[in-house]
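Novice: Just add 3 to the spot in the sequence shown (first one is 1) and you have my numbering.
Ideal Cβ positions, reconstructed from N, Cα and C, are used throughout, including at glycine.
If you scroll down you'll find the structure; I have some questions about it.
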Amino acid sequence: MKTDKFEIIAKTFQELEDVLAEELLQLGAENIEIGRRMVSFTGDQALLYKANLCCRTALRILKPIYTFTALNTDEVYDRIKEVQWEKFLTPDQTFSIDSVVYSEEFKHSKFVTYRVKDAIADYFNEKYGKRPSVRLNNADIILNLHIAQNRCTLSLDSSGESLHKRGYRVAQNEAPLNEVLAAGMILKTGWRGESNFIDPMCGSGTLLVEAALIACNIAPGVYRQSFAFEKWKDFDEELFESIFNDDSQEREFAYKIYGSDISPRAVQMARDNVKSAGVARYVELSVLPFQKYEQAPEKGILVTNPPYGERISSPDLFGLYQMIGERLKHVFKGYDAWIISYHDECFDKIGLKPAARIMLMNGALECEFRKYEIFDGKYKDFKTESGGFREKGRREALPEFKKREFARPVRGLRKHDDELFRESGGRFGKVKPDGRRGDTASLRNRKPAEADASQRTTGASGRRNNRWDSLVSPKGEWKKENRPFPQHEKASKERKKELPERAKKTPSEYDEELPKAFRHFDKSEKFIAFKQPSLPPSAQVPEKRVEGKRERINAKDKESDKK
4 MKTDKFEIIA KTFQELEDVL AEELLQLGAE NIEIGRRMVS FTGDQALLYK
54 ANLCCRTALR ILKPIYTFTA LNTDEVYDRI KEVQWEKFLT PDQTFSIDSV
104 VYSEEFKHSK FVTYRVKDAI ADYFNEKYGK RPSVRLNNAD IILNLHIAQN
154 RCTLSLDSSG ESLHKRGYRV AQNEAPLNEV LAAGMILKTG WRGESNFIDP
204 MCGSGTLLVE AALIACNIAP GVYRQSFAFE KWKDFDEELF ESIFNDDSQE
254 REFAYKIYGS DISPRAVQMA RDNVKSAGVA RYVELSVLPF QKYEQAPEKG
304 ILVTNPPYGE RISSPDLFGL YQMIGERLKH VFKGYDAWII SYHDECFDKI
354 GLKPAARIML MNGALECEFR KYEIFDGKYK DFKTESGGFR EKGRREALPE
404 FKKREFARPV RGLRKHDDEL FRESGGRFGK VKPDGRRGDT ASLRNRKPAE
454 ADASQRTTGA SGRRNNRWDS LVSPKGEWKK ENRPFPQHEK ASKERKKELP
504 ERAKKTPSEY DEELPKAFRH FDKSEKFIAF KQPSLPPSAQ VPEKRVEGKR
554 ERINAKDKES DKK
């Protein structure tokens with residue numbers, strides 16, 4: 004076993020860096036430093052394996068192998084060619100490259116990727132007369148190149164597929180919550196299994212499964228079929244097997260996890276996912292609308308992800324949030340309720356004072372994760388008796404980590420964004436004097452009262468701009484057909500009609516025509532087809548290890564059922 008320590012980088016979502024740092028600290032990481040959507044630390048080979056297997060809020064675990072500076076792609080080519088690639092790659096293996104660029108010097112991340120590929124290919128051709136092949140999916144070695152201004156970091160990706168793909172999900176609804184985000188939400192609450200857990204709008208059950216894994220301290224990576232580091236030259240199979248089969252950190256959960264939904268189909272999906280994860284003995288599911296809740300179990304926490312009018316909507320969205328606030332106040336007294344949503348208007352309808360607000364990214368949506376400490380009576384009386392919300396004291400007790408400074412360049416405005424620029428009132432994302440943000444999302448988040456002054460203006464032609472009236476009905480329902488800037492959607496549909504029949508086909512329809520194609524682009528760079536050949540038998544990862552772990556987890560479920 005190698006005990007040499009080296010730098011490791013864990014990637015995550017924005018605002019989850021602190022909980023990821025706490026996870027790494029518990030695993031034994033040293034020199035932890037928080038950056039933007041990443042945490043750097045030092046550790047040995049065993050810690051690299053543990054981070055992939057045990058971290059709930061990590062998306063990828065990277066091992067930096069080369070750091071340099073470059074001002075253009077030619078310099079990147081020269082510096083990449085200096086690496087002794089025999090240490091990591093052979094001419095018979097395959098590789099892929101993922102480039103992330105935040106720089107004014109490098110305008111095109113894909114061109115950077117091409118130059119890195121050329122440097123590796125030329126290195127092997129000049130030295131061995133043959134070169135490793137590029138494989139888009141399931142490559143033997145996955146490289147990551149990160150460029151910030153002129154500083155370049157080349158890393159080995161030890162994870163392969165994103166770590167949010169746990170392996171237990173067998174069913175999902177229209178808008179499933181990302182597993183890493185779900186685990187991060189739960190860890191943000193401070194809950195570790197010391198009380199009951201309730202999700203009254205559970206959907207396909209992502210929060211329920213992640214809560215069960217946290218409560219029992221089951222590593223989320225035990226369901227995965229493979230990790231990228233298993234194909235590295237220095238892979239220590241015996242060390243990894245000992246870490247994988249170590250159950251000493253797991254614990255019993257003395258409470259229950261309750262999940263419900265108004266949709267029988269969603270509840271069945273949740274039941275299938277819970278069973279696949281082997282945690283059915285801890286989870287109780289039922290078809291029950293939130294408004295039908297009459298009593299809640301003693302001592303618990305509520306975490307939920309209600310619809311917010313984007314991918315999943317409701318006939319009366321504001322009425323839904325008003326009902327949530329009413330049920331929280333009358334049924335869940337003494338609870339800490341955590342709710343994630345997108346629109347401020349929805350939160351306003353809950354009618355309760357939040358104890359905490361945390362910004363989280365759910366896909367492309369900048370959401371808020373709010374905590375409500377439910378008490379009996381008025382807030383003034385509650386503050387006099389208890390001294391106010393408990394959340395402030397809890398957050399002050401959390402460990403602090405060193406933060407890495409990172410100057411991200413300011414990008415110029417693209418020419419085709421002129422209309423959006425004028426509509427937003429200035430540079431995107433910049434806060435205006437009236438507190439608004441100059442981006443397209445602000446149009447969805449602003450209240451009708453705020454829109455009166457800015458949206459309903461009289462132009463040079465004398466016509467009134469009633470854009471806001473077209474977005475929200477009097478009942479608070481978001482009109483999908485009249486989203487902000489609908490002209491772009493209309494133009495997109497018209498262009499689609501003009502496409503030739505060949506371009507309208509789905510990739511699966513090309514299976515017989517192009518059985519060996521990866522990607523094919525015509526001269527205008529329009530996407531034509533994509534098909535990834537299946538892995539040869541020799542490259543497929545055996546499922547014996549994962550199935551053995553599943554059997555042990557499911558055996559505990561069966562023993563619990565007998566009792």
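D77 to A222, Cα distance in whole Å?
Specialist: Spanning the two alpha carbons is a distance of roughly 43 angstroms.
Novice: Report the three-state DSSP secondary structure of A359 (helix, strand or coil).
Specialist: A359 falls in the strand class under three-state DSSP.
Novice: Could you say which of R330, R268 and G224 lies nearest to Q294 if we only look at CA atoms?
Specialist: Minimum Cα distance to Q294 is reached at R330.
Novice: Can you name, in chain order, every residue of its own chain whose Cβ lies under 7 angstroms from the Cβ of S344, other than the five neighbours on each side?
Specialist: Correct list, in chain order: P309, Y311, F350, C370 and E371.
Novice: Please report the straight-line C-alpha distance between S207 and W194, rounded to a whole angstrom.
Specialist: Roughly 21 angstroms separates the two Cα atoms.
Novice: Taking 8 angstroms as the threshold, find out whether the region 208-218 comes into contact with the region 34-54 through three or more Cβ pairs.
Specialist: Verdict: no, contact absent.
Novice: May I ask you to report which of helix, strand or coil DSSP gives K302?
Specialist: DSSP places K302 in coil when its eight states are reduced to three.
Novice: Is T460 helix, strand or coil by DSSP?
Specialist: Low per-residue confidence applies at T460: pLDDT is 40, beneath 50, and the placement is therefore not dependable, though the value from the model is reported in the following sentence. T460: coil per DSSP, three-state reduction.
Novice: Between the region 65-77 and the region 143-163, do at least 3 Cβ pairs fall closer than 8 angstroms?
Specialist: Because the criterion of three Cβ pairs below 8 angstroms is met, the region 65-77 and the region 143-163 touch.
Novice: Relative to the C-alpha of Q271, which candidate in L190, V173 and L363 has its C-alpha closest?
Specialist: Cα-wise, what sits closest to Q271 is V173.
Novice: Answer with buried or exposed for E20, where buried requires no fewer than 16 other C-beta atoms within 10 angstroms of its C-beta.
Specialist: Result: buried.
Novice: Which residue spans inside the region 51-97 form an unbroken alpha helix (DSSP H) run of at least 4?
Specialist: Correct list: 76-84.
Novice: Is there contact between the region 121-135 and the region 95-106, where contact requires at least three CB pairs shorter than 8 angstroms?
Specialist: Yes, they touch.
Novice: Would you give the residue range spanned by the beta strand (DSSP E) that M272 belongs to?
Specialist: Taken as a continuous stretch (DSSP letters only), M272 belongs to no beta strand (DSSP E), being part of the alpha helix (DSSP H) at P267 to A280.
Novice: Considering F9, what are the terminal residues of the beta strand (DSSP E) in which it resides?
Specialist: Where F9 is concerned, the enclosing beta strand (DSSP E) stretches over F9 to K14.
Novice: Among L28, N181 and K168, which one has its Cα closest to the Cα of E403?
Specialist: Checked all of L28, N181 and K168; the closest Cα to E403 is L28.
Novice: Between N153, T60 and S251, which has its C-alpha nearest Q17's C-alpha?
Specialist: Measuring from the Cα of Q17, the nearest candidate turns out to be T60.
Novice: Compute the Euclidean distance between the alpha carbons of I265 and G328, then round it to the nearest angstrom.
Specialist: Cα to Cα, I265 sits roughly 17 angstroms from G328.
Novice: Excluding sequence positions up to five away, which residues of its chain have a Cβ less than 6 angstroms from the Cβ of A155?
Specialist: Residue identity check: residue 155 is Cys in the sequence provided, not Ala. Around C155: F71 and A73.
Novice: List the whole-angstrom C-beta distance separating Y261 from N199, where the pair is believed to meet the contact cut-off of C-beta under 8 angstroms.
Specialist: Y261 to N199, Cβ: 7 angstroms. Contact.
Novice: Mind reading off the beta-carbon distance from T192 to D319? Whole number of angstroms is fine, and I expect it under 8 angstroms.
Specialist: At roughly 28 angstroms, the Cβ-Cβ gap does not stay under 8 angstroms, so T192 and D319 are not in contact.
Novice: Just curious, the alpha helix (DSSP H) that N308 is in, first and last residue?
Specialist: Segment: none, N308 is in no alpha helix (DSSP H) and carries neither H nor E.
Novice: Specify, as a first and last residue, the run of the alpha helix (DSSP H) that N128 falls within.
Specialist: Note, N128: alpha helix (DSSP H), S112 to Y131.
Novice: Please determine, among W88, C57 and E33, the residue with the shortest C-alpha to C-alpha distance to V225.
Specialist: Cα-wise, what sits closest to V225 is C57.
Novice: What's the C-alpha gap between Y375 and A186?
Specialist: Each residue's alpha carbon lies about 19 angstroms from the other.
Novice: Quick check on V173: does DSSP put it in helix, strand or coil?
Specialist: Reduced to three states, the DSSP call for V173 is coil.
Novice: Near C219, what residues of its chain come up, given a Cβ to Cβ distance below 8 angstroms and the 5 sequence neighbours on each side ignored?
Specialist: Cβ within range, chain order: G196, E253, R254, E255, F256, V282 and Y285.
Novice: Would you mind working out which of E89, D160, E348 and S161 sits nearest F127, comparing C-alpha positions?
Specialist: If we check each option's Cα against that of F127, E89 comes out closest.
Novice: Is it buried or exposed for K120, if we count other Cβ within 10 angstroms and need 16 for buried?
Specialist: Answer is buried; the Cβ neighbour count reaches 16.
Novice: Could you tell me if R39 is buried or exposed, where buried requires 16 or more neighbouring beta carbons within 10 angstroms of its beta carbon?
Specialist: So R39 counts as exposed.
Novice: For S43, report the span of its beta strand (DSSP E) as first-last.
Specialist: Per DSSP, S43 belongs to the beta strand (DSSP E) from M41 to G46.
Novice: Use the C-beta contact count for I11: other C-beta atoms within 10 angstroms, 16 or more gives buried, fewer gives exposed.
Specialist: Classification for I11: buried.
Novice: Considering Cα atoms alone, identify which of M41, Y258, V115 and V22 is closest to K14.
Specialist: Nearest C-alpha to K14: M41.
Novice: Which residues in the same chain as Q325 place their Cβ atom closer than 6 angstroms to its Cβ, once the five residues preceding and following it in sequence are excluded?
Specialist: Same-chain partners within the cutoff: K352.
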